[in-house]
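Chains as they are written, first to last, in full-length UniProt numbering: chain A, 1 to 679; chain B, 1 to 679.
Ideal Cβ placement from N, Cα and C applies to all residues, glycine included.
Protein chains: 2
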Amino acid sequence: MANDPLVIFTPSGKRGHVAPGTTVLAAARSLGVDLDSVCGGRGICSKCQVAPSYGQFSKHGVTVAEDALSDWNAVEERYDSKRGLKPGRRLGCQAQILRDVVLDVPPESQVHKQVVRKEATARDIVMDPATRLRLVEVEQPDMHEPSGDLQRLTDALRAAWDIPALSVPLPVLQKLQTALRKGNWQVTCALHQPVEDGPAQLLDLWPGLFEGPLWGLAIDLGSTTIAAHLCDLTSGTVAASAGIMNPQIRFGEDLMSRVSYAMMNEGGAAEMTAAVRDALSELARVVAGEADVPTTEIVEAVFVCNPVMHHLLLGIDPVELGQAPFALATSDSLDLSAEALDLTGLHPAGQVHLLPCIAGHVGADAAAVALSEAPDRSEDLVLIVDVGTNAEILLGNRDRVLACSSPTGPAFEGAQISSGQRAAPGAIEKIRIDPETKEPRFRVIGCDLWSNEDGFAEATAASGITGICGSGIIEAVAELRIAGLMDPSGLIGSAEQTGTARCISDGRTHQYVIHDGTAEGGPLVTVTQGDIRAIQLAKSALYAGARLLMDEFGTDTVDRVVLAGAFGAHISPLHAMVLGMIPDVALDRVTSAGNAAGTGARMALLNRAQRAEIDQTVRRITKVETAVEPRFQEHFVAANAIPHATAPFATLRSVVPLPEPRFNAGDGDGTRTRRRRRR
Amino acid sequence: MANDPLVIFTPSGKRGHVAPGTTVLAAARSLGVDLDSVCGGRGICSKCQVAPSYGQFSKHGVTVAEDALSDWNAVEERYDSKRGLKPGRRLGCQAQILRDVVLDVPPESQVHKQVVRKEATARDIVMDPATRLRLVEVEQPDMHEPSGDLQRLTDALRAAWDIPALSVPLPVLQKLQTALRKGNWQVTCALHQPVEDGPAQLLDLWPGLFEGPLWGLAIDLGSTTIAAHLCDLTSGTVAASAGIMNPQIRFGEDLMSRVSYAMMNEGGAAEMTAAVRDALSELARVVAGEADVPTTEIVEAVFVCNPVMHHLLLGIDPVELGQAPFALATSDSLDLSAEALDLTGLHPAGQVHLLPCIAGHVGADAAAVALSEAPDRSEDLVLIVDVGTNAEILLGNRDRVLACSSPTGPAFEGAQISSGQRAAPGAIEKIRIDPETKEPRFRVIGCDLWSNEDGFAEATAASGITGICGSGIIEAVAELRIAGLMDPSGLIGSAEQTGTARCISDGRTHQYVIHDGTAEGGPLVTVTQGDIRAIQLAKSALYAGARLLMDEFGTDTVDRVVLAGAFGAHISPLHAMVLGMIPDVALDRVTSAGNAAGTGARMALLNRAQRAEIDQTVRRITKVETAVEPRFQEHFVAANAIPHATAPFATLRSVVPLPEPRFNAGDGDGTRTRRRRRR
């Protein structure tokens, strides 16, 4: 009624009239205001705290009197004396609205609080975790109306928290009776309810009020590295992050060699499954250890990975993924127990969610990128490339999204490169070659030797160099091209042809010396003709995949490019474009999304609605299979030149002039090199 | 249409017109005729066989011509040549109805075939198992519309078999791709669908057609013995039955001593859980071995048991069941994996169903008796007593059913009896005492010495006797009462008082010598005063429980009595009534239901609808708690006399005259004995 007090909640601005005497919590619920509560209004959890504002609010058109809310009651007094309420705060479940009032809901009282992300990001993470703590009061048993303690708990959860159906693992059922009696018929339940309004599983329970924390893992399971973020399932904060190498590398560096290993070796798939599961348990220990959290408090994990890793994680032989039609055993998202995956040390009832795969070559990692970067919500046409051992490529806008993967191989990660190494201290990560002097300057991970204003050290000042990592080799090849030391076909010129003694002979080809540490017993770091061929193969595969999607979309240009993947964060857009990794586009339209797959995993971990959303989204994505598409081969061959044999790359050339020398192929030319690779 | 051919199915009598060319299987489905099919109409499983009848059928008003069905087609020819069709049979999925026809559905073609039960029975078992085999053809993968093999299997099962949702354990998912390709995209699925139209779990799958068998276990888990029936889940036949002793006996003979053991010993409950689970795995091995069936083909088990055994099986400490208000941890029926109960050797995805408990003292065994004997469907008022270490008692009719349990102790099973033993060779199982000569005659298990027409041997002819079992001791005490050797208070008279030298002194009381084998080095088998006191305690508890239910129901008489329990089958109604175990009723209104709990378990195993039914039924049963009911004590005391202190037992006395001697109590009288027991 209009005479009823007006209540205005900030920051949401939601407002309405409520009957005098309505509690703040009840008012919030009736107005759809996001106000948390674990104890269900018993005044013991304090999650529903609000801060009333007093005085005149012309913006809202109300004046709030000092007696707008009821006086502190005994419950609030007790809470304040025992656990302390911040000044100006009230318990929403106790304070009653008597007159017009403006109430601020602080971030810690919001269920759907927003998580601050460090990276520039397409979408915010809003908290709506699948696993929540809920305090509930259970009816005591009545001999004359006998029903099990579990049935009365189920009834109470239905009544207080709208849980439509409850399943209880045996180990939790075994501790139910003790917990109920110890908690004087109040227990806190850890409820895993992956679908809103869907059935819930009781993961654990505690006598009386238990306020957590509960932890979840977001895991990006890559072919080469496995990264995990340990997240607080209430606040969404990342308590620790850690990464380890995928131990399956010893069975094959790239995915297809692991599929081959499974095909050629009896029990090979099982061996790889055991290796990765062991590593995941170990990674959980490491990341929990860094945050000083017992692993048993980790109740959930979300995995994203490519299809081969997906199958190997599940213990499914990936053989079908190695041959057309590349049939997945299962494509939908999966909910499993952590136990089923032999993940040891986690909470005994720990749950695992795997994002859906898009196709036989486009996995849950691509789905996670789609979730994080949301091409399906983009106004302009965006190309997203997640660069790793395998590249996942998405192209689209709000009308339509296409996806494919392309086997770039590990060259972009510094593998199969003569002086290549992981991005670790001693690795050259950035390089510039002066077009005049042909001399290099660089940045080295873990060394701060440089004195120049732009942070690049002269070659002469460098020491402690051990090799060159993925981003370094990409920049090196692109810089050779800009400096005219390498021709468009990828051939390095001789010292005579280039006018620099850094181009030295290497059998029948030439190599460029970046750093000669041999005098001090260090390495000779060079870019060889073979390194360039490896990079050419990788970048051609990436470009051909993107180009194939553009054909399918019916476009010759894209509006913007997003480089994703942990590695994407370190690629300079200019150098990527000089190499012809991505189509020609204005440089300021190329951005990095950081580890977008990992971000997608975190989003799915912290917000169950986004699990449902990506399940739907992947069904609408058009899948393009590169492996059997003849045009892929054509695009691949044309993309071998740097930046490209036919595409003009006019936007790029307007920014940086590219010389067009032609060096002799000699005996050991690139064609020959490629032929050898094919045998 | 009326011009369409008329089809009449026998034995159901269902009839209707179908369009010419309709297959028999399609006609059966449209008319609701119970015709089986595993392969879904592909002509390979032959489950849909029917036998057409030709000629004139005045009863049905049709004449069936030779060409009423289409000619044999290639599928039928192939099936007949490869696997052989019985003469006169057609494949229902192939034969088309062209003219009026009468078709017989043989028992083996019926899904809901009726299982023949040996025992006289209240209800038939109709096959409708939770686990079924279903052949399905799965779409092949399409690279351009990529979906997982599992998703296409799920689609196929939805389309062909109306399976609304499918869950797949990881080990089954791991073999999916191989099975699909080996079976050329046809696989047989073992689907566990405990609720009709509910979600199903894929327990296993095989390439192509697999026709089973699949096996299920019906297990009656008693305090003293555990009995298992191995049932074919297609035909319902019992391939083998076996029983073993419950190894928990070493922790306590009766339920309350096991609860005490759990309370007094740290880890005691877990110890008992491990013992019974081991025994169950062993029992599965034994019963499968007898039928020469691999235990891995056992995909389901249904358990019935009392609440203490129920909790101990589940690994739940039974301490709450030992004290008011006797709260169950969970009362509803449960579906679990066999793995969760550590049942080893069964199918890896094996499923377990536990029937619901009725109350803290009235368990899933009583629920199973209610399912088997269906008091809720009885026109007249029936009292059902399931006699074991604990007696489960049900009273009711279609209006209302009451239930309680009563702690009779193990005396009825021959335990705590001076010459007592299990029902094994050498045990006296039946006895008659001549009222004139006071001489006994008996039947001994495993001995066929008797020559008399009624099959009872003279005492003098007996040898090989080792003791007396439960039914024997009950008969012996009743016979002592009929022969006037024992007075209504339960005192045995002296040789002088009774006029037979078989009544000998036993310290301060007397005992009756049934058999003296000491001359041949055998045992002296007697009924002692202590034995009678033990039987009196047990029968008083049983009668008091029944009487309490009658009070609650508001009746002094019942229309009929059903004796259930393996032991119930061996109690003579006359002797049970002379003892006053059950209320006075015409002897021909006392029947035995055999192992009704075991039968209930079999019914729940073979018919999933009956699981749902008993879940509903137990909620409508009124539970009466004997342990805290003061009237129980009153009834107990009054029932101590044989047959009863106040109830006249007029119907009984009209059949058998009961003498009313009064013997001296002496020093060692019954009162004193009872007092000693109480200390």
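Requested in this report: Identify whether A/Ser147 lies in helix, strand or coil by the three-state DSSP scheme.
Outcome: By one-based count along the first sequence, residue 147 of chain A stands at place 147. DSSP, read as helix, strand or coil, puts A/Ser147 in coil.
Requested in this report: Quickly, what does DSSP pair A/Gln416 with across the bridge? List them, please.
Outcome: For the purposes of this step, residue 416 of chain A is taken as the residue at position 416 of the first sequence. Its beta-bridge partners do not exist; DSSP assigns none.
Report task. Would you list, in sequence order, the uninterrupted alpha helix (DSSP H) runs of no fewer than 4 residues that lie entirely inside the segment 450 to 522 of chain B? Result -> 470 to 482, 495 to 498
Query raised in the report: Which partner residues does B/Cys231 have in the DSSP bridge list?
Result: Translated into positions along the second sequence, residue 231 of chain B becomes position 231. The partner list for B/Cys231 (beta bridge, DSSP) reads B/Gly216, B/Val238.
Query raised in the report: With a cut-off of 8 Å, do at least 3 Cβ pairs link the segment 361 to 370 of chain B to the segment 294 to 301 of chain B?
Result: no
**Report entry** 4-residue-minimum alpha helix (DSSP H) runs that sit fully inside the segment 128 to 173 of chain A, ordered along the chain
**Finding:** 149 to 161
Query raised in the report: Using the beta-carbon count (16 or more within 10 Å), is B/Arg481 buried or exposed?
Result: Position 481 of the second sequence, counting from 1, holds the residue named residue 481 of chain B. Result: buried.
Query raised in the report: What is the C-beta distance between B/Leu150 and B/Val168, in whole angstroms, given that I count them as a contact (C-beta under 8 Å)?
Result: Numbered from 1 along the second sequence, position 150 holds the residue referred to as residue 150 of chain B. Numbered from 1 along the second sequence, position 168 holds the residue referred to as residue 168 of chain B. Yes, they are in contact, since the Cβ atoms of B/Leu150 and B/Val168 sit about 6 Å apart, within 8 Å.
Requested in this report: Express the C-alpha separation of A/Phe210 and residue 695 of chain A in angstroms, rounding to a whole number.
Outcome: Shown here, chain A extends from 1 to 679; a query on residue 695 of chain A therefore has no answer.
Query raised in the report: With C-beta atoms as the reference, is A/Ser223 less than 8 Å away from A/Asn390?
Result: Working through the first sequence from its first residue, we reach residue 223 of chain A at position 223. Working through the first sequence from its first residue, we reach residue 390 of chain A at position 390. Their beta carbons are under 8 Å apart, which means A/Ser223 touches A/Asn390 by this criterion.
Requested in this report: Take A/Ala240 and list the residues in its own chain whose beta-carbon comes closer than 6 Å to its own, dropping the five residues that flank it on each side.
Outcome: The residue labelled residue 240 of chain A in the question sits at position 240 within the first sequence. Correct list, in chain order: Leu230, Val287, Glu290, Ala291.
Query raised in the report: What separation, rounded to the nearest whole angstrom, lies between the Cα atoms of B/Ala368 and B/Leu395?
Result: Counting from 1 along the second sequence, the entry for residue 368 of chain B is found at position 368. Counting from 1 along the second sequence, the entry for residue 395 of chain B is found at position 395. Near 14 Å, if we compare the C-alpha coordinates of B/Leu395 and B/Ala368.
Query raised in the report: Which chain A residues are close to B/Ile393, counting only those with a beta carbon under 8 Å from its beta carbon?
Result: Counted from its first residue, the second sequence places residue 393 of chain B at position 393. Those within 8 Å of B/Ile393 in chain A number zero; the least Cβ separation is about 16 Å.
**Report entry** Nearest residue (CA-CA) to A/Ile219, options A/Asp142, A/Leu103, A/Asp254, A/Leu343
**Finding:** Translated into positions along the first sequence, residue 219 of chain A becomes position 219. If we check each option's Cα against that of A/Ile219, A/Leu343 comes out closest.
Report task. Spell out the partners DSSP gives A/His112 in its beta bridges. Result -> Position 112 of the first sequence holds residue 112 of chain A. A/His112 pairs with nothing; no bridge assigned.
Query raised in the report: Taking buried to mean at least 16 other C-beta atoms within 10 Å of its own C-beta, is residue 701 of chain A buried or exposed?
Result: Outside the displayed range of chain A (1 to 679) lies residue 701 of chain A, so it cannot be described from this structure.
Query - the segment 569 to 579 of chain B touching the segment 471 to 479 of chain B, judged by at least three CB pairs closer than 8 Å - result: yes
Report task. Give the C-beta separation of A/Leu217 and A/Cys305 to the nearest angstrom, bearing in mind that I take them to be a contact with Cβ-Cβ under 8 Å. Result -> In the first sequence, counting from the first residue as 1, residue 217 of chain A sits at position 217. In the first sequence, counting from the first residue as 1, residue 305 of chain A sits at position 305. With 8 Å as the limit, A/Leu217 and A/Cys305 do not qualify as a contact, their Cβ atoms being about 13 Å apart.
Query raised in the report: Who does B/Leu205 pair with in a DSSP beta bridge?
Result: In the second sequence, counting from the first residue as 1, residue 205 of chain B sits at position 205. B/Leu205 pairs with B/Cys189.
Requested in this report: Leaving aside the five residues before and after A/His353 along the sequence, list all residues of the same chain whose C-beta is less than 6 Å from its C-beta, in chain order.
Outcome: Your numbering for residue 353 of chain A matches position 353 in the first sequence. Excluding sequence neighbours, A/His353 sits near Val302, Asp335.
**Report entry** A/Met486 burial status per 10 Å Cβ neighbour count (16 or more: buried)
**Finding:** Along the first sequence, read from residue 1 onward, the residue named residue 486 of chain A stands at position 486. Buried, because 16 or more other Cβ atoms sit within 10 Å of the Cβ of A/Met486.
Query - Positions along the segment 623 to 640 of chain A whose CB lies within less than 8 Å of some CB in chain B - result: Lys623, Glu625, Val628
Query raised in the report: If you draw a straight line from the C-alpha of B/Asp4 to the C-alpha of B/Gln49, how long is it?
Result: Reading the second sequence from its first residue, position 4 is the one you call residue 4 of chain B. Reading the second sequence from its first residue, position 49 is the one you call residue 49 of chain B. Taking the straight line joining both Cα atoms gives about 23 Å.
Query raised in the report: Does the segment 366 to 383 of chain A touch the segment 600 to 619 of chain A, meaning 3 or more C-beta pairs lie closer than 8 Å?
Result: yes
Query raised in the report: Can you name the residues of chain A whose CB is closer than 7 Å to the CB of B/Glu139?
Result: Here residue 139 of chain B refers to the residue found at position 139 of the second sequence. Those within 7 Å of B/Glu139 in chain A number zero; the least Cβ separation is about 11 Å.
**Report entry** Sequence-distant residues of the same chain with beta carbon closer than 7 Å to B/Val101, five excluded per side
**Finding:** Here residue 101 of chain B corresponds to residue number 101 of the second sequence, with the count starting at 1. For B/Val101, where only same-chain residues beyond five positions count, the Cβ hits under 7 Å are Pro5, Val7, Pro52, Val64, Ala68, Leu69.
Query - CA-to-CA distance, B/Gly148 to A/Pro440, given in whole angstroms - result: The sequence position of residue 440 of chain A within the first sequence is 440, counting from 1. The sequence position of residue 148 of chain B within the second sequence is 148, counting from 1. Rounded to whole angstroms, A/Pro440 to B/Gly148 spans 50 Å at the Cα level.
Query raised in the report: CB residue 765 of chain B to CB A/Pro325, shorter than 8 Å?
Result: No information on residue 765 of chain B is available, as it lies outside the stretch 1 to 679 that chain B covers here.
Report task. Answer yes if the segment 601 to 613 of chain A comes into contact with the segment 536 to 546 of chain A, meaning at least three C-beta pairs across the two stretches below 8 Å, and no otherwise. Result -> The answer is no - the segment 601 to 613 of chain A does not touch the segment 536 to 546 of chain A, with fewer than three Cβ pairs under 8 Å.
Report task. Could you check the C-alpha separation between B/Arg377 and B/Arg560 for me, to the nearest Å? Result -> As a working mapping, residue 377 of chain B is identified with position 377 in the second sequence. As a working mapping, residue 560 of chain B is identified with position 560 in the second sequence. Going from the Cα of B/Arg377 to the Cα of B/Arg560 covers about 14 Å.
**Report entry** Of the listed residues A/Gly267, A/Glu282, A/Glu266, nearest to residue 707 of chain A (C-alpha basis)
**Finding:** As shown, chain A starts at 1 and ends at 679. That puts residue 707 of chain A outside it, with no answer to give.
Query raised in the report: From B/Ala19 to A/Ala612, what does the alpha carbon distance come to, in whole angstroms?
Result: Taking the first residue of the second sequence as 1, we reach residue 19 of chain B at position 19. Taking the first residue of the first sequence as 1, we reach residue 612 of chain A at position 612. Approximately 46 Å between the Cα atoms of the pair.
Query - Span of the alpha helix (DSSP H) around B/Asp365 - result: Here the question's residue 365 of chain B lines up with position 365 in the second sequence. Start and end: 364 to 373.
Query raised in the report: Rounded to a whole number of angstroms, what is the C-alpha to C-alpha distance between A/His310 and A/Leu524?
Result: As a working mapping, residue 310 of chain A is identified with position 310 in the first sequence. As a working mapping, residue 524 of chain A is identified with position 524 in the first sequence. So the alpha carbons of these two residues sit roughly 40 Å apart.
Query raised in the report: Among all the DSSP beta bridges, which residues are the ones paired with A/Thr651?
Result: Position 651 of the first sequence, counting from 1, holds the residue named residue 651 of chain A. Paired residue(s): none; A/Thr651 is not in a bridge.
Requested in this report: For the alpha helix (DSSP H) holding B/Ser260, just list the boundary residues, first then last.
Outcome: Within the second sequence, numbered from 1, the residue matching residue 260 of chain B stands at position 260. Boundaries of the alpha helix (DSSP H) around B/Ser260: 255 to 264.
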